[in-house]
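Report on the following structure.
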Amino acid sequence: MKVRIVADSSADLQTTEDKSIVSVPLKIMTDNAEYIDDEMLDVKSMTEDLAEYRGRSGSACPGVGEWMDAFGDADWVLGITITSNLSGCYNSAMVAKETYESEHPERKVYIIDSLSTGPEMKIIVEKLQALIAEGKAFEEICEAIEQYRKRTFLVFCLKSLTNLANNGRVSLAVAKIAGILGIHVVGRASEEGTLEQKDKARGEKKAILSLVKNMKELGYRGGKVIIDHCFNEEAALQLKSLIRKEYQSADVRIGTTKGLCSFYAERGGLLVGFEG
Ligand code: X90
13 MKVRIVADSS ADLQTTEDKS IVSVPLKIMT DNAEYIDDEM LDVKSMTEDL
63 AEYRGRSGSA CPGVGEWMDA FGDADWVLGI TITSNLSGCY NSAMVAKETY
113 ESEHPERKVY IIDSLSTGPE MKIIVEKLQA LIAEGKAFEE ICEAIEQYRK
163 RTFLVFCLKS LTNLANNGRV SLAVAKIAGI LGIHVVGRAS EEGTLEQKDK
213 ARGEKKAILS LVKNMKELGY RGGKVIIDHC FNEEAALQLK SLIRKEYQSA
263 DVRIGTTKGL CSFYAERGGL LVGFEG
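Note that my numbering has the sequence shown beginning at 13, numbered continuously upward.
Have a look at this one:
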């Protein structure tokens, strides 16, 4: 029995050696270059290129064929995508599911629309791994993960929303706030899976305090936290120590954004997935 977790690359995960997790890359494009968000991508040099670049840029989700390839020959596929409200990933994964199941009637695919991205997807993937390890049946896993997702959340802090605004993923009004020097936009993934601005903070210190406040408002009481940063380890460490000051035994881990989230969160951005 082969079980596989498949996540698009906005989850900031990489394909594992045993292929128990497979990452399906999105692409980032400019007029001069195309960056494939896989393990070969040099995220640092992409971010540096983009900081210099003044032309159009955008992203593209994987197609049905790429999802099918990622499913491989698994008996059970548990897939997870970035929010369907900002990307076509979920739609193409669902078409792949239909095709895969009709070609192999004995195999099963479940696709989760995370209504989020980055570290919240990581937290859901970890829960999937635990459910699989417990030896649960396919339907039990699907049911349990739907329950679990009700109490996972994503908050973020961004210094620039230029790429989000240029690609129509956030309103120009919100993007302009972040354009003011030193202002950080603090927000969350809304229940509909869109960017919801919650606060604007002058300076990083205030932004980090606001992140903690927003986490608590969403019911954070010391559960698991994953912080993915875009070249801002210092802020991630500050946030971690602030959380640990109040919740000494909390499992708080720090990771880095891969290509897609680095493109949209931009340098300095923090994405925080957690259990509420
Ligand atoms: O299909 C595509 O081309 C991908 C488009 C993705 C657009 C949004 C990416 C957001 C990345 C930014 C901050 C967190 C936002 C959370 C909203 C649910 C990260």
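Here a beta-carbon is modelled for each residue, glycine too, at the ideal position from N, C-alpha and C.
When you compare only the Cα positions, how much space is there between Ala45 and Val264? About 36 Å.
Along the chain, where does the alpha helix (DSSP H) containing Gln250 start, and where does it finish? Glu245 to Glu258
So, does the stretch 19–27 touch the stretch 123–138, judging by three or more C-beta pairs under 8 Å? yes
Buried or exposed: Pro117, going by 16 or more other Cβ atoms within 10 Å of its Cβ? Looking at its Cβ environment, which holds fewer than 16 other Cβ atoms inside 10 Å, Pro117 is exposed.
Going by C-alpha distance, which of Arg233, Phe168 and Gln250 is nearest Leu223? Per the Cα distances, Phe168.
Span of the alpha helix (DSSP H) around Gln141: Gly130 to Ala145
Pull up the CB-CB distance for Tyr102 and Met80, whole angstroms please, since I reckon it's below 8 Å. Their Cβ separation, rounded to whole angstroms, is 15 Å, which puts Tyr102 and Met80 out of contact at 8 Å.
What does a CB cutoff of less than 8 Å around Glu203 pick up in its chain, not counting 5 residues either side in sequence? Leu127
Which residue marks the beginning of the alpha helix (DSSP H) containing Lys270, and which one marks its end? Unbroken run through Lys270: none, as it is neither H nor E.
Length of the line joining the Cα atoms of Gly77 and Glu110: 12 Å
What is the DSSP secondary structure of Tyr160, reduced to helix, strand or coil? DSSP places Tyr160 in helix when its eight states are reduced to three.
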